[in-house]
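In the numbering used here, the protein residues as written are -10 to 159.
Just so you know, even glycine gets a beta-carbon here, dropped at the ideal spot from N, CA and C.
Only one structure is covered here, and it is reproduced in the block below.
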């Protein structure tokens, strides 16, 4: 019995030793698992932090993009308004230039008409002056002839009343 007892005790000691080894292995494994849990927890926390940072960055990026789009839209509207104002100003300027051109053309046409009228008046004046000069020459000629005839009459002692002689009136 003693032998059996020793053998049982030996088996129990071996079993206890095996259990101690198993316990150490389990503790070691548990420590490794805990270490892995800590590492994975840290990794998850880092990923959460990165994800949160990326989410914030994405949010800021989207807000920034929206702000840029709003600014671009505002600039486009401003450029559109400026372009419209510029076109309107150019149209007004073109209208004014057109009006001035029309007015200048009108004035030039009027000037040409007045020039033609002036030339016509000069021609008429020259004609009237020519007629007047011719009439003046004829008057002088007739007066000279009358004077000559009066002298002939006086020489011949013929009295002829001057009232009956038609005189050209100037």
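- Query: residue 0 by DSSP, collapsed to three states: which one?
  - Reply: helix
- Item | Inter-residue spacing [alpha-carbon to alpha-carbon] between residue 94 and residue 115 | 31 Å
- Have a look at residue 51 and residue 72 and give me their C-alpha separation to the nearest angstrom. 30 Å
- residue 28 to residue 0, Cα distance in whole Å? 40 Å
- Message: Cutting at 6 Å between CB atoms, please list the residues of its own chain near residue 30, excluding the five before and the five after it.
- Response: none
- Message: Rounded to whole angstroms, what is the Cα-Cα separation between residue 113 and residue 89?
- Response: 35 Å
- CA-to-CA distance, residue 60 to residue 74, given in whole angstroms: 20 Å
- Do you know offhand how far residue 111's Cα is from residue 76's? 51 Å
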